[in-house]
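Numbering (the working numbering), first residue to last: 8 to 184. Glycine included, each C-beta is placed from N, C-alpha and C at the ideal position. Predicted model only: the values in this text are computed from it and were never measured. Report on the following structure.
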């Protein structure tokens, strides 16, 4: 169980169904691996685009990203471990795209909540770039930006692939190393 000290991590890496699914598959709350709960939703959009819904976000007019918001216990799993896992589970070298999913809502982004998270995100990004992408001549294009307003996605999107195991999952949402 959590020691009471929780933090929030927010990541965008394509269709939020697969992002939430892979984080919960490897950090199931029932196994006390540090993730306490998740929600999928929208963040990073235009200031005047309030309370967006899925259809509007998919038009690209709001600039929101589909993202996962993770509440975690840092005494069990560290933020840098979550950032590294984020990079392991998608292609951070494609701008506004994961697999066949194309659009600004599918961008790769880390939305940091504290100055410490910003520093950790920058450090881990540099480490991952050097170790995994420099050798193959690719450049990480992940945005590292302040966390802004968050809106939960509609209920049917929450834990979608657990409720619909044969539902669409982007093939990029897998362990890449």
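Closest by CA to residue i, which one among the options?
i	options	result
residue 79	61, 20, 31, 137	31
residue 161	36, 62, 81, 93	62
residue 45	59, 72, 183, 16	16
residue 178	116, 146, 105	105
residue 103	121, 95, 112, 97	112
residue 135	99, 69, 83, 157	99
residue 139	115, 94, 171, 69	94
residue 175	40, 38, 107, 68	107
residue 71	184, 159, 171	159
residue 123	35, 87, 39	87
residue 130	89, 50, 184, 35	89
residue 81	42, 97, 171	42
residue 114	64, 35, 37, 121	64
residue 132	121, 143, 142, 149	149
What residue range is occupied by the uninterrupted beta strand (DSSP E) comprising residue i?
i	result
residue 72	72 to 79
residue 152	150 to 153
residue 17	14 to 20
Between residue i and residue j, how many whole angstroms is the CB-CB distance? I'm expecting something under 8 Å.
i	j	result
residue 75	residue 109	Incorrect: roughly 19 Å between the Cβ atoms, too far for contact.
residue 73	residue 23	4 Å
May I ask you to report which of helix, strand or coil DSSP gives residue i?
i	result
residue 44	strand
residue 105	strand
residue 156	coil
residue 143	helix
residue 37	helix
residue 119	strand
residue 50	strand
residue 55	coil
residue 100	coil
residue 65	helix
residue 176	coil
residue 60	coil
residue 183	coil
The alpha helix (DSSP H) spanning residue i covers which residue range?
i	result
residue 29	23 to 33
residue 127	122 to 135
residue 91	86 to 95
residue 3	With the chain running from 8 to 184 in the structure shown, residue 3 is simply not present.
Say yes only if the C-beta of residue i is nearer than 7 Å to one or more non-hydrogen atoms of the ligand ZN, and no if none qualify.
i	result
residue 179	In terms of ligand content, the structure shown is empty, and the ligand ZN therefore cannot be addressed.
Please list, in chain order, all residues of the same chain as residue i whose beta carbon is under 6 Å from its beta carbon, the five residues on each side excluded.
i	result
residue 28	168
residue 84	41
To which residues of the same chain is residue i closer than 7 Å at the C-beta, ignoring the five residues directly before and after it?
i	result
residue 119	125, 128, 151, 153, 154
residue 26	18, 20, 75, 180
residue 146	100, 140
residue 165	46, 47
Among the residues of its own chain, which have a CB less than 8 Å from the CB of residue i, if the five just before and after it don't count?
i	result
residue 58	158
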